[in-house]
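Asker: I have a structure here, written as structure tokens, and I will follow up with some questions on it.
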Amino acid sequence: MAKKLTTMTTEDYSALQQDKEKALDAARLQIEKQFGKGSLMKLGNGTGIPGIRTIPSGSILLDAALGVGGYPKGRVIEIFGPESSGKTTLALHAIAESQKKGGIAAFIDAEHALDPLYAKGLGVNIDELWVSQPDTGEQALEITESLIRSGAMDVIVIDSVAALTPQSEIEGNMGDSHMGLQARLMSQALRKLTGTISKSGTCLIFINQIRMKIGVMFGNPETTTGGNALKFYSSVRLEVRKIETIAASGEDATGNMVRVKVVKNKVAPPFRKAELEIIFGKGISWSGSLLDAAVEHGLIQKSGSWYSYKEDRIGQGRENAKLFLQSNPDIAEKVDKELRTLLFPKATPAEEPEKSSAEDKTEKPKPAAGILAAGLQSAAIQGIAQKQTAVQQDKKSGGTGEGSNNTESQETANEEELF
């Protein structure tokens, strides 16, 4: 005999939804009690997930290709490509831009090949740059983990993944086989680092080299070192290729034209490209990138060989227009702001509103950055708990009620001051 189908009324459905909400609320309270407030939240309520903060790349064209105005903070970035294609130059520009905004940067020089004079020419403040030249891959990644856990770093560059040599390989003999050691090292390190990177807001940039796969008949035989873990954990992967050498007729080369392709992007649409001028000793030509982007979006008009901005001619020929922008930084800054407003309307920082009341003008003390704040808070809680235990022992041993109450009120006041 066939079963009778039951239809759910609107009242039954509403009651079922209320039961689900009560059950979910009870589960949320249990989770927050066990793991802390904010362990479970709705994505769209804006309680704990901020917008994407970025570090400018040094080129408006590359910022546009990245889609969010620069390298996203709290993420893993991989820059790879052939030799002398501009990988380290891009990473040093990220450090320079971060320092201009007051950020703290570190460079893990696993290749032991960092040129301080070149870094200074790119705009890096070498007096404020933290540098480490580790002996082994394990040492490099341990140093990186300690810096990230401090919560003080804005950007860390590791140059390069291929130079992160496992300790057992260094201690072994030449010719010994160490199959998969580096891949396992990278996989373990990234498993440990990704959560801390997100919480601390550090931008971790890995520079990587390419190798050729043997026996590949069809498709691209190139691959990157360090296994597949970095490909999965990276939010952005940039492929850098040299496309031509910049040289005037009959003169020595002055730079390279490179093409940067965003082969992976978790924060914006991927597969965008940007062509950049890298001038020897100076890095990315910001004026060339600004001029090309402004012409592309109609902020600067090009008629024949003449360039014009707001009906005023700024130069005949590309080089003269670049010189005009370099010699007039106020106009260049104005063009840059107009471009960023046009390209990144959501990412353009709004002006801070003026505080009206005297209470708002009083700045609240800022907590320690990142994971460090949690450590300090935990230590404070433990100290208060120990003091309260001592007070209770004094009560049992015959302390006066008035003295105990005074001690308890003092501890409560100390607790309020700490938090």
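Residues in the sequence shown are numbered consecutively from 0, following numbering that gives the first Met the number 0. For each residue, glycine too, the CB sits at the ideal point set by N, CA and C.
If I measure Cβ to Cβ from Ala320 and keep anything under 7 Å in the same chain, skipping five residues before and after, which residues do I get?
Answerer: Position 321 of the sequence shown, counted from the start, is the residue given in the question as residue 320. Once the five neighbours on either side are set aside, the close Cβ partners of Ala320 are Leu290, Tyr306, Ile313 and Gly314.
Asker: The beta strand (DSSP E) that contains Asp311, what's its start and end?
Answerer: Walking along the sequence shown from the start, residue 311 turns up at place 312. From DSSP, the beta strand (DSSP E) with Asp311 extends over Asp311 to Gln315.
Asker: Could you spell out where the beta strand (DSSP E) holding Gln300 opens and where it closes?
Answerer: Along the sequence shown, read from residue 1 onward, the residue named residue 300 stands at position 301. Per DSSP, Gln300 belongs to the beta strand (DSSP E) from Gln300 to Ser302.
Asker: Drop a sphere of 10 angstroms on the beta-carbon of Ser58, count the other beta-carbons inside from all chains shown, and report buried for 16 or more, exposed for fewer.
Answerer: If you number the sequence shown from 1, residue 58 lands on position 59. Under this definition Ser58 is a buried residue.
Asker: What did DSSP end up calling Tyr12 once you bin it into helix, strand or coil?
Answerer: As a working mapping, residue 12 is identified with position 13 in the sequence shown. Three-state DSSP puts Tyr12 in a helix.
Asker: Alpha carbon to alpha carbon, how far is Met173 from Gly226? Give it in angstroms, no decimals.
Answerer: Taking the sequence shown and counting its residues from 1, the one referred to as residue 226 is at position 227. Taking the sequence shown and counting its residues from 1, the one referred to as residue 173 is at position 174. About 22 Å.
Asker: On the criterion of 16 or more Cβ atoms from any shown chain inside 10 Å, does Leu28 qualify as buried, or is it exposed?
Answerer: Residue numbering aside, residue 28 sits at position 29 when the sequence shown is read from its first letter. Its Cβ having fewer than 16 others within 10 Å, Leu28 is exposed.
Asker: Compare the Cα-Cα distances from Phe343 to each of Ile196, Lys198 and Ala64 and report the closest residue.
Answerer: Here residue 343 refers to the residue found at position 344 when the sequence shown is read from its first residue. It is Ala64 whose Cα lies nearest to the Cα of Phe343.
Asker: Would Leu189 and Ala252 be called neighbours here (beta carbons separated by less than 8 Å)?
Answerer: The residue given as residue 189 occupies position 190 in the sequence shown. The residue given as residue 252 occupies position 253 in the sequence shown. In this structure, Ala252 does not lie closer than 8 Å to Leu189 by Cβ.
Asker: Taking only the alpha-carbon atoms, compute the straight-line gap between Gly35 and Ala25 and give it to the nearest angstrom.
Answerer: Counted from its first residue, the sequence shown places residue 35 at position 36. Counted from its first residue, the sequence shown places residue 25 at position 26. Cα to Cα, Gly35 sits roughly 14 Å from Ala25.
Asker: Are the CB atoms of Ile169 and Ile107 within a distance shorter than 8 Å?
Answerer: Start at 1 with the first residue of the sequence shown, and residue 107 comes out as number 108. Start at 1 with the first residue of the sequence shown, and residue 169 comes out as number 170. No; because the gap between Cβ atoms is not below 8 Å, this pair is not in contact.
Asker: Could you tell me the alpha carbon to alpha carbon distance between Lys191 and Ala182, rounded to whole angstroms?
Answerer: One-based indexing of the sequence shown puts residue 191 at position 192. One-based indexing of the sequence shown puts residue 182 at position 183. Distance between the alpha carbons of Lys191 and Ala182 is about 14 Å.
Asker: How would you label Ser302, buried or exposed, when you count the other beta carbons within 10 angstroms and need 16 or more for buried?
Answerer: Position 303 of the sequence shown, counted from the start, is the residue given in the question as residue 302. Burial call: exposed.
Asker: Output needed for Gln300: all residues of its chain with C-beta closer than 6 Å, excluding positions within five of it in sequence on either side, in chain order.
Answerer: If you number the sequence shown from 1, residue 300 lands on position 301. Once the five neighbours on either side are set aside, the close Cβ partners of Gln300 are Ser307.
Asker: Should Gly249 be counted as a contact of the ligand HEM given a C-beta to heavy atom distance under 7 Å?
Answerer: Summarising the ligand content, the structure contains no ligands, and the ligand HEM is consequently not present.
Asker: Candidates Asn264, Arg317 and Ala161: which alpha carbon is nearest Ser304's?
Answerer: The residue labelled residue 304 in the question sits at position 305 within the sequence shown. The shortest Cα separation from Ser304 among Asn264, Arg317 and Ala161 belongs to Arg317.
Asker: Measure the Cβ-Cβ separation of Lys272 and Val259 and say whether it is below 8 Å.
Answerer: The residue labelled residue 272 in the question sits at position 273 within the sequence shown. The residue labelled residue 259 in the question sits at position 260 within the sequence shown. Closer than 8 Å, so yes.
Asker: In the DSSP output, what is Glu243 paired with across the bridge?
Answerer: Along the sequence shown, one-based indexing puts residue 243 at 244. DSSP, once it has assigned bridges, lists Met256 as partnering Glu243.
Asker: Just curious, the beta strand (DSSP E) that Ala104 is in, first and last residue?
Answerer: Start at 1 with the first residue of the sequence shown, and residue 104 comes out as number 105. Start and end: Ala104 to Asp108.
Asker: Taking 8 Å as the threshold (C-beta atoms), are Ile78 and Leu91 in contact?
Answerer: Mapped onto the sequence shown, residue 91 falls at position 92. Mapped onto the sequence shown, residue 78 falls at position 79. Going by C-beta atoms, Leu91 is not nearer than 8 Å to Ile78.
Asker: Report the CB separation of Arg236 from Lys263 in whole angstroms; it is logged as a contact under 8 Å.
Answerer: In the sequence shown, the residue the question calls residue 236 occupies position 237. In the sequence shown, the residue the question calls residue 263 occupies position 264. With 8 Å as the limit, Arg236 and Lys263 qualify as a contact, their Cβ atoms being about 4 Å apart.
Asker: Per DSSP, Ala273 is paired with what?
Answerer: In the sequence shown, counting from the first residue as 1, residue 273 sits at position 274. DSSP output for Ala273 lists Val259 as bridge partner(s).
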